[in-house]
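Student: Chains as they are written, first to last, in my numbering: chain P, 598 to 681; chain U, 598 to 681. Cβ coordinates follow ideal geometry from the N, Cα and C atoms, glycine included.
1) Suppose the cutoff is 7 Å on Cβ atoms and the five residues either side in sequence are ignored; what does the same chain contact list for residue 670/U look like?
2) So is residue 599/P buried or exposed if we call it buried at 16+ other beta carbons inside 10 Å?
3) For residue 662/U and residue 650/U, I'd like the C-alpha separation in whole angstroms.
4) Taking Cβ positions only, does residue 607/P come closer than 8 Å to chain U?
5) With three or more beta-carbon pairs closer than 8 Å as the criterion, would you say the segment 629-639 of chain P touches the segment 610-620 of chain U?
6) Using the C-alpha atoms, what's the distance from residue 604/U back to residue 610/U?
7) Could you tell me if residue 621/U is buried or exposed, where buried requires 16 or more neighbouring beta carbons within 10 angstroms of its beta carbon?
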């Protein structure tokens, strides 16, 4: 019970972490020191976690990874769009 | 069986993703567009995942999060050290 709650809080932290990065990148229009490789590899991992979540039918895993996928996707878009 | 393997590959991707970011930041000595908030929140989440892994005694969760913790910790150190 408490363990499951801990898992939810952990998932919220690792997902919400992308919000300040998305906001910062959007505001500064600078993605210079962001690694494209990082976000591509991360996104690949998130897609696999999502498939995993669907297979074991765990809604928290599905929900957390859908949100993370959108945020990481935005960062890849920014990285490819902003020139500096 | 295949599902577990999928989980492992997903974990390897989301952990390994930090390697290109650490290398890029180290080489360029620039962490300007990295969000400190992102890495602090992410690290908090990783520590919670680690506690979760210890409680449910799942070595893959423990191992993946120990590695991610080291890599994310390095990025926080870079962010605080490099001036631009």
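Tutor: Working from what's here:
1) 640
2) exposed
3) 9 Å
4) yes
5) yes
6) 10 Å
7) buried
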